[in-house]
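A quick write-up on the structure given underneath.
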Amino acid sequence: MNPTVTWMRKHWLRVAVHMGGLVPLVLIFWWLATDRFVIDPVKLITLRTGRLAISFLLLSLTCTPVAVVTGFKRVLRLRQPLGLWALAYTILHFLTFVGWDYRFDPVLLRIGIFAQPFVLVGMGAFLLLLVLGVTSLPGLRQRMGRAWRWVQRLVYLASALAVWHIMWVRKDPWEVWRYPVLLAILLLLRIPQIRRIIVRVRRRIFARN
Ligand code: HEM
Numbered sequence: 698m699n700p701t702v703t704w705m706r707k708h709w710l711r712v713a714v715h716m717g718g719l720v721p722l723v724l725i726f727w728w729l730a731t732d733r734f735v736i737d738p739v740k741l742i743t744l745r746t747g748r749l750a751i752s753f754l755l756l757s758l759t760c761t762p763v764a765v766v767t768g769f770k771r772v773l774r775l776r777q778p779l780g781l782w783a784l785a786y787t788i789l790h791f792l793t794f795v796g797w798d799y800r801f802d803p804v805l806l807r808i809g810i811f812a813q814p815f816v817l818v819g820m821g822a823f824l825l826l827l828v829l830g831v832t833s834l835p836g837l838r839q840r841m842g843r844a845w846r847w848v849q850r851l852v853y854l855a856s857a858l859a860v861w862h863i864m865w866v867r868k869d870p871w872e873v874w875r876y877p878v879l880l881a882i883l884l885l886l887r888i889p890q891i892r893r894i895i896v897r898v899r900r901r902i903f904a905r906n
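Convert by adding 697 to the 1-based position in the sequence shown; the result is the number in the numbering used here.
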């Protein structure tokens, strides 16, 4: 068989994730380059990058429940690329705020951050995502041994902080209810007792067919 076809058969899911990450990025840059008129482009890009970041983060947390419910284990390999796209969009979100909005001015930034404490919560999430990104490098992963698994659990704290940040940005936090609700469902599905029940039900259904 053609080696490209063989490679695609093996890696199509990863390719799809990277395409899903790249397309909005290209659209953002294309949109900026074509100089479209918008009343507040900084706000728009902050919102777009932030929403992309949280979407990839929640998608990375969806892989384990999908594997538990369907038994399709290959989906687990997508956790890392999805998490890295969440980090990439968080970096862009951060740079839009620090560089574009506040021109890297430390005095303005200090005022901006303390006037909007939700930014501090966002920064907490960002730092944790950065730790997760760095520790996912292959060399470090092996060197860290068992500690690596514990560090990976920081993703739950990072997600909770990110959701808190997003709800705090809004005057009415429940306008963005879907984020805490989704996160709560994804975390519930990780509880070992619930996982066991799902696996048992799935096996029974497949045994019948
Ligand atoms: C690096 C630290 C962060 C900074 C400095 C930051 C800054 C901001 C600012 C200033 C806004 C308000 C935009 C506006 O209404 O004008 C915002 C909104 C938002 N941020 Fe962040 N953020 C950070 C981290 C994060 C992280 C880690 C996520 C998600 C993974 C995130 C997701 C969002 C989302 C989705 C919104 C829009 C909420 C809405 O729909 O109104 N942010 N952020």
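Glycine is no exception: its CB is placed at the ideal position from the N, C-alpha and C atoms. Keep in mind that this is a model prediction, so the values were computed, not measured.
Annotation for Pro721: the continuous alpha helix (DSSP H) segment containing it runs Pro700 to Ala730.
Residue burial annotation: Leu784 is buried, with at least 16 other C-beta atoms found within 10 angstroms of its C-beta. By the neighbour-count definition (other C-beta atoms within 10 Å, threshold 16), Ala713 is an exposed residue. Secondary structure note for Thr743: its alpha helix (DSSP H) is the uninterrupted segment Pro738 to Thr767. Rounded to the nearest angstrom, the gap between the Cα atoms of Leu754 and Met698 is 36 Å.
The beta carbon of Arg838 sits closer than 8 Å to those of Thr832 and Trp845, all from its chain and outside the five residues before and after it, given in chain order.
Here Gly842 is exposed. Its C-beta has fewer than 16 other C-beta atoms within 10 Å. The C-alpha of Phe791 is placed about 10 Å away from the C-alpha of Trp797.
Per DSSP, the continuous alpha helix (DSSP H) segment holding Trp845 begins and ends at Ala844 to Gln849.
Between Lys740 and Val720, the alpha-carbon positions lie close to 20 Å from each other. Remark: the shortest separation between the CB of Leu826 and any heavy atom of the ligand HEM falls under 7 Å.
Remark: the C-beta of Gly747 is in contact range of the ligand HEM, defined as less than 7 Å to any heavy atom. Closest in C-alpha terms to Leu756, from the list Phe734, Gly718, Val723 and Arg733, comes Gly718. Look at Lys770 here: in three-state DSSP terms it is helix. Taken in chain order, the complete alpha helix (DSSP H) segments of 4 residues or longer contained in the segment 809-870 are 815-832, 835-841, 844-849 and 851-866. Separation of Leu779 and Ile902 (C-alpha to C-alpha, rounded to the nearest whole angstrom) is 30 Å.
Listed in chain order, the non-local C-beta contacts of Val735 below 6 Å within the same chain comprise Leu741, local neighbours out to five positions each way being set aside.
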